[in-house]
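In what follows, a single structure is set out as structure tokens and then discussed.
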Amino acid sequence: MELKEFLANLKIGEEVSIEDLAKQFNISETAMINNLVNLIENKMTIGYIDGIRKIFRKTQKLISDGTIRMAQGDIHRALEDFRNAIETDPNDPVAWTALGGAELNQGKFQDAGEAFEKALKISPDYFLAWRGLAATKQNLGDLKEAINAFQKSLELVPNDADSWYEIGYLHETRQELNEAIRAYEKAIELEPKKALYWFALGTAFIKMREFNAARKVYEKGLELEPKYGAAWNNLGFICLQLNDLTGSIEVYKKGIEKEPNNYMIWNNLGFSHQQKGDMDAAIYSFKKAIEINPEYGVSWFNLGFAYQKIDNLEFALFCFQRSAQLGDPDAVVSVNDLRMKNINPKNPF
């Protein structure tokens with residue numbers, strides 16, 4: 009029986025201690041508290057929350073109430089609960105970690121870091137405190153220390169796929185792409201059905217310009233999560249880099265099926281058609297992108313270029329002017345060139 013099933017099946021008035029529950033599931037008390045807090049943070053049903061309320065002692069009940077209030081957006085009462093828990097038991101690492109999480113949520117990163125460090129001073133093997141400290145260091149811009157904290161958490165829970173993913177993201181941010189790829193691959197090894205990890209790995213391969221590898225990885229991610237328009241957009245870009253114009257057009261069209269109002273996919277579909285020489289399809293796609301987002305200067309420029317290619321210079325000038333108004337310096341050059349030819353702009357819409 010899973011923990012959440014056990015909690016849901018507790019009878020009214022029935023109580024069980026953390027110690028007994030930990031023994032029943034053959035894990036440490038600290039690990040059991042971690043599991044209970046995670047269940048709350050995942051916004052489980054009221055029935056499960058009521059079960060947890062029966063388990064927590066006084067400080068744990070304050071932490072439970074505070075965590076529930078955090079999920080409900082009542083941050084001020086949550087902070088009060090966590091501080092009361094610490095006042096009740098200043099040596100409770102869970103209370104300090106919960107307080108750190110609340111401070112982190114508020115953007116008070118220094119205060120959050122201090123709370124997580126106090127938790128770790130009390131309990132150096134507390135997984136959630138290391139995770140919280142890592143997130144705090146990341147928000148403070150200390151990416152190296154954030155990686156170190158995530159690695160500490162992995163010494164405690166080596167199979168935590170999300171920590172491996174976070175380490176990969178931090179390495180990628182530091183342009184340490186080989187390390188990022190290794191971390192993402194480890195996350196995938198642990199949770200192969202999580203599309204996010206596949207897309208992250210694919211993006212790292214794109215940055216390495218390993219487009220064949222990126223294509224395979226993105227295709228796998230889209231098997232798992234086919235509704236993610238941004239991933240179809242990235243896969244289309246990969247096909248373009250591999251000079252597979254037919255493939256890029258097919259991919260962008262699939263992306264539009266999933267997200268018909270994604271103006272970037274429409275724009276990129278137009279670019280693929282343009283590269284293939286199909287100006288009618290390119291113009292149609294660029295217009296669709298502009299209809300969705302009239303403030304996207306790139307599509308105005310691309311539409312102007314397509315009209316210029318078919319010698320419709322009046323339409324081209326209008327589009328270049330609109331792109332220039334939206335801040336595209338390349339469009340300014342095109343506008344000046346056409347004006348020297350005494351072209352009068354005409355709205356293509």
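All letters in the sequence shown, in the order written, are residues 9 to 357 by the numbering used here.
Idealized CB from N, CA, C, for every residue including glycine.
Kindly list the residues whose CB is nearer than 7 Å to the CB of residue i, restricted to its own chain and excluding five residues on each side of it in sequence; keep chain order.
i	result
A290	G278, H281, Q282 and A314
A195	A169, W172, Y173, G176 and Y205
A103	T67, I71, F90, A93, I94 and D97
K160	W138
D119	E111
N167	L198
E267	G237 and I273
F158	A142, S171, E174 and I175
In this structure, how does DSSP classify residue i when only helix, strand and coil are distinguished?
i	result
G81	coil
N17	coil
V102	helix
S36	coil
M272	helix
L148	coil
For residue i, would you say it is in contact with chain D, using Cβ-to-Cβ distances shorter than 9 Å as the test?
i	result
K201	Within the model displayed, chain D is absent; a lone protein chain is all it includes.
Measuring only the C-alpha atoms, how far is residue i from residue j?
i	j	result
S293	Q329	19 Å
G121	F213	33 Å
G335	N301	15 Å
D345	M78	59 Å
I257	A127	53 Å
L243	L136	35 Å
A239	F219	14 Å
Y304	Y192	33 Å
A297	D319	22 Å
F309	A339	6 Å
Q146	A332	38 Å
F323	L250	32 Å
T254	K202	29 Å
Can you have a look at residue i and say buried or exposed, based on whether 16 or more other CB atoms are within 10 angstroms of its CB?
i	result
R217	exposed
E180	buried
I264	buried
I246	buried
N241	buried
Keeping to the same chain, check which residues put their C-beta closer than 8 Å to that of residue i; ignore five residues upstream and five downstream.
i	result
N34	none
K228	W206
Note down, in chain order, each residue of its chain lying with its Cβ closer than 6 Å to the Cβ of residue i, except the 5 sequence neighbours on either side.
i	result
N270	G237
L325	L346, I351 and P353
E199	A169
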